[in-house]
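This report concerns only the one structure given below.
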Ligand code: NAP
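Residue numbers (this note's numbering): 9 to 254.
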């Protein structure tokens, strides 16, 4: 493997697209995972390809499905020869008060946010263990740390990612693999676009830096955790929220 390869899940838009672009600009090979075929994903591929001197390619998979994760990782290894870092970014919300939350609504968020991390991590760890190096970076949320009314399913999935990551860091440390979480606060993407103006104002009012975060703010943190500079950091949760939830 001449260049290090990074897999970014759910990279079609929002934070994932910014992470894919950041790694491409830094010269990594980038495996851009997407679920839904559309023009935007091809535009992102072009943008990433012209950003750096690594190679970028699209890989379609629904990461809530174990067989699709395994097939995608096999295809990435066949194309690029290995995997240096996995960025578990794909995520969904299906908010609602617990009283009205169906079991299907709960399960779909656990499958989409947590089991996807399990499936993808399981698929890449044999490759990283053999190479005796690697980085696993998973997107949690400040909601997984502090909770949020109307998001019991989402909060449970994001809190579980933290426990998963801390255990993984202990399991894989002796093989030279680090595992960390990023916990974003309020970041402007499609996921938060549905919030009312009042809800956004209420959030920015309690952010010390007085602005919403951008997908680039999260991409910068992911790039740091995947870099050599972060080689002695493992089992940690890096909160990137403009000092909202301290
Ligand atoms: P977003 O704009 O809604 O984008 C989510 C992306 O994930 C979409 O491209 C979506 O693909 C993809 N995805 C979802 N489920 C998938 C699956 N099963 N397989 C493959 N791709 C899948 O969300 P975002 O705001 O960028 O959030 C990215 C991550 O950061 C999530 O894990 C989220 O929970 C976390 N986060 C976000 C915020 C925030 O304020 N935005 C705060 C804290 C944490 P489709 O286009 O096919 O739907």
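All residues carry an ideal CB built from backbone N, CA and C; glycine is no exception.
Computed from a prediction, not measured in an experiment: that's the story for all the values here.
Exercise. DSSP three-state call for residue 146: helix, strand or coil?
Worked result: Secondary structure of residue 146 (DSSP, three-state): strand.
Problem set entry | Proximity test, residue 124 beta-carbon vs the ligand NAP heavy atom, cut-off 7 Å | True, at least one ligand heavy atom lies under 7 Å from that Cβ.
Exercise. Alpha carbon to alpha carbon, what distance is there between residue 40 and residue 144?
Worked result: C-alpha separation (whole angstroms): 16 Å.
Problem set entry | C-beta atoms of residue 101 and residue 199 nearer than 8 Å | The Cβ atoms of residue 101 and residue 199 lie closer than 8 Å to each other.
For this session: Apply the 10 Å Cβ neighbour rule to residue 254 and answer buried if 16 or more other Cβ atoms are within range, or exposed otherwise.
Result: That one is exposed.
For this session: Taking only heavy atoms of the ligand NAP into account, decide whether any of them is closer than 7 Å to the Cβ of residue 21.
Result: Checking every heavy atom of the ligand NAP against the Cβ of residue 21, one is found closer than 7 Å.
For this session: Given a cut-off of 8 Å, decide if residue 128 and residue 176 are closer than it, judged by their beta-carbon atoms.
Result: Cβ atoms of residue 176 and residue 128: not closer than 8 Å.
For this session: May I ask whether a heavy atom of the ligand GDP can be found less than 7 Å away from the beta carbon of residue 222?
Result: The model on display carries the ligand NAP but not the ligand GDP.
For this session: Could you check the C-alpha separation between residue 271 and residue 173 for me, to the nearest Å?
Result: Outside the modelled stretch of the chain, which goes from 9 to 254, sits residue 271, for which no answer is possible.
For this session: Spatial neighbours of residue 217 within its chain, please: CB distance less than 7 Å, with the 5 preceding and 5 following residues excluded, ordered by chain position.
Result: Hits under 7 Å: 250 and 251.
For this session: Report all residues from its chain with a CB closer than 6 Å to the CB of residue 196; omit the five preceding and five following residues, and keep chain order.
Result: Taken in chain order, the residues that qualify are 220.
Exercise. Taking the C-alpha atoms as reference points, what is the distance between residue 242 and residue 210?
Worked result: A straight-line Cα-Cα distance of about 33 Å links residue 242 and residue 210.
For this session: To the nearest angstrom, report how far apart residue 171 and residue 120 are at their CA atoms.
Result: Going from the Cα of residue 171 to the Cα of residue 120 covers about 17 Å.
For this session: Please work out which residues of its chain come closer than 6 Å, Cβ to Cβ, to residue 9, disregarding the five sequence neighbours upstream and downstream, and give them in chain order.
Result: With a pLDDT of 45 at residue 9, under the threshold of 50, the modelled position of this residue cannot be trusted; read the value that follows with caution. So the qualifying residues of the chain are 89 and 90.
Problem set entry | Neighbourhood of residue 106 by C-beta, 7 Å cutoff - its chain only, sequence neighbours within 5 removed | Here the set comprises 160.
Exercise. Near residue 25, which residues of its chain fall below 6 Å by C-beta distance, leaving aside the five closest residues on each side in sequence?
Worked result: Taken in chain order, the residues that qualify are 19 and 52.
Problem set entry | Cβ-based neighbour list, residue 141, same chain, cut-off 6 Å, excluding 5 preceding and 5 following | Here the set comprises 184.
For this session: Would you list the residues sitting across from residue 65 in a DSSP beta bridge?
Result: Note: residue 65 sits in a beta bridge opposite 39.
For this session: Whole angstroms is fine: what's the gap from residue 179's alpha carbon to residue 235's?
Result: Residue 235 has its alpha-carbon roughly 21 Å from the corresponding atom of residue 179.
Problem set entry | CB contact check: residue 247 to chain C, cutoff 8 Å | Although the question refers to chain C, the structure presented lacks it and comprises just one protein chain.
For this session: Give me the Cα-Cα distance between residue 110 and residue 103, rounded to the nearest whole angstrom.
Result: Taken atom to atom, the span from the alpha-carbon of residue 110 to that of residue 103 is near 11 Å.
Problem set entry | Buried or exposed (CB count within 10 angstroms, at least 16 for buried), residue 76 | Taking all protein chains in view, the Cβ of residue 76 is crowded by 16 or more other Cβ atoms within 10 Å, so the residue is classified as buried.
For this session: Under 7 Å Cβ to Cβ from residue 49, same chain only, skipping five residues before and after it: list those, please.
Result: Same-chain partners within the cutoff: 20, 42 and 66.
Problem set entry | Residues sharing a beta bridge with residue 14, DSSP | DSSP output for residue 14 lists 38 and 93 as bridge partner(s).
Problem set entry | Alpha carbon of residue 69 to alpha carbon of residue 22, nearest angstrom | Approximately 17 Å between the Cα atoms of the pair.
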